[in-house]
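One structure below.
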Amino acid sequence: MIRRVFIALTVALTMVAAPAFALGPLDEGPALASPLAQLQMRLDTLARHAPGDVAVAVRDLRTGEVVGYNAHASLPAASTIKVPVMVEVFRQMEAGAFALDRDVSLTSADRDGGWGDLADAPANSHYTVRRLLWLMITQSDNTAANMLIRLVGRAHVNETMHALGLGNTSLSDYIRSYGDIRSIRTTASDMVRLMAMIAHGQLVDEWSCGEMLQIMAGQHINTLLPEPLPADVLVAHKTGSLHDTLNDVGVVYLAGAPYAIAVMTTHLASLDSGRAFIHAVSSLTFKQISTLAAQRADGA
C-alpha cells in the first residue's frame, strides 16, 4: 500500500521569507539577476569528460534562466517518458474522460515482466487510475504505464507534448524492458520545460500539478539526482534506465532558488559511470545554486 505524505516545505519566492506550504505549484516570483554563468562553464568542463553521450539542462524556477550542455540533443527517454504519460492522464481526467478512482483492467498485452508490483499480476485484475499513476512513477512499473497508455491513447500523449512545444518528445510504442525502446525519445530541454510547467501549475490546473508533484516526490528510486544532496532537500523526480542509459529529471526544492533539472546519459560502458556523472552534475548544480540562494537572501 502506498502511503501518501502531505509534504510541507519552505520555498522563498519573494524577498520576504515565505511561510511553509504544501507541495504544489510555485509562484513565478520577481525576476532577479541570476549569476549562472559559472555553473554553465563548470557543466561544460564536466560534460566534455563524461562517459558516453550526455545532455544536461537546469532551469532557475524563479527567473526562467536556463543553462545546460547538449540540451536539445534527442536521446533515449527510457522511463522518463512516463512523466508525459502522467500529464496526459491528468489532462483527460480534467476534461471529464474519467476519474482517478476509475478501475482499469489489466490485459495480457499490457504486461511487462520487468519490475514493479504488476510485473506478475494476473490478467483481468483491476486497479484504479490513481494506483496506476503511483506505480508507474514511484516504482517505474511498465505494466502500470502500459495500462495508462492504453487508457489515454499513445497518439494523444504525443499530441499533447507537441501542443506544449515539446516536439522532441515522442512515445513511439508501449513501454517494454526489451525490444526497440531506444526509439522512445526526448531531450533534456523538453524535460526541464515540462518540469517547470508542472512546478508553476501551468499544466491542466494547479490541483493536477500539485498531485503530479506529490507523486514524483514519492519516488522510490533515489539513487541518482537526490543521492548526493542533503537529506532534508525535497526532490520530485522521475528516473529512467536501459542497459546503457541512465536518466533523471525533476524539481529540486532548494529554499530561495528551486530549480528544474534533467540529466541524460546513454551509450555508457557501464551504468556506474552514468550514475557517477549524474551525481557530479547534481552536486555541482546544488552547490552553485545554493550560492545564488544565499545571494538572494542577502538581497544581492
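Add 3 to the 1-based position in the sequence shown for our numbering, that's all there is to it.
Even glycine gets a Cβ: it sits at the ideal position worked out from N, Cα and C.
The structure displayed is predicted, hence computed values, not measured ones.
Item	Value
Let me check understanding here. Comparing Cα to Cα, which of Arg51, Pro87, Leu42, Thr172 lies closest to Glu68?	Leu42
Is any non-hydrogen atom of the ligand GTP found closer than 8 angstroms to the C-beta of Val92, if you look at the structure I gave you?	This structure lacks the ligand GTP; in fact it carries no ligand of any kind.
Check the C-beta distance from Val284 over to Met198 and give it rounded, since I have them as a contact under 8 angstroms.	About 15 angstroms; that fails the 8 angstroms criterion.
What is the rounded straight-line gap between the Cα of Glu91 and the Cα of Asn225?	24 angstroms
Got a sec? Which residues, its chain only, sit under 6 angstroms from Ala265 by beta carbon, not counting five neighbours each side?	Ala60, Ala191, Met194, Val195, Val252
Look at the alpha carbon of Asp144 and the alpha carbon of Pro87, and state the distance between them as a whole number of angstroms.	15 angstroms
Smallest Cα separation from Lys290: which of Gly213, Ser82, Pro233, Ser128?	Pro233
Please classify Asp301: is it buried, with 16 or more other beta-carbons within 10 angstroms of its beta-carbon, or exposed?	exposed
What separation, rounded to the nearest whole angstrom, lies between the Cα atoms of Leu78 and Gln142?	22 angstroms
Give every residue of the same chain whose Cβ lies closer than 7 angstroms to the Cβ of Ala148, excluding the five residues on either side of it in the sequence, and list them in chain order.	Lys85, Val88, Met139, Ile178
Decide yes or no for the touch test of the stretch 207–219 against the stretch 106–114: beta carbon pairs closer than 8 angstroms, at least 3 of them.	no
Between the Cα of Thr269 and those of Ala263, Pro229, Arg278, spot the shortest distance and give me the residue it belongs to.	Arg278
Spatial neighbours of Thr248 within its chain, please: C-beta separation below 6 angstroms, excluding the five flanking residues on both sides.	Pro79, Ala81, Thr269
Thinking Ile292 and Tyr262 are a contact (beta carbons under 8 angstroms), I'd like their distance in whole angstroms, please.	6 angstroms
Distance check for Ala258 and Thr172, CA to CA, integer angstroms please.	30 angstroms
Where DSSP assigns a beta bridge to Tyr72, which residues make up the other side?	Val59
In the DSSP assignment, find the unbroken alpha helix (DSSP H) run with Gly277 in it and report its ends.	274–300
Under the three-state reduction of DSSP, which class applies to Leu103: helix, strand or coil?	coil
Counting only the same chain and skipping the five closest in sequence on each side, list residues whose C-beta sits under 6 angstroms from that of Val254.	Met198, Ala202, Ala239, Ala263
Using beta-carbon positions only, say whether Pro3 and Ser276 come within less than 9 angstroms of one another.	Lying before the first or after the last residue shown, residue 3 is absent from the chain, which here runs from 4 to 303.
My guess is that Asp176 and Thr146 are in contact by the Cβ rule of under 8 angstroms, so how many angstroms apart are they, rounded?	Asp176 to Thr146, Cβ: 15 angstroms. No contact.
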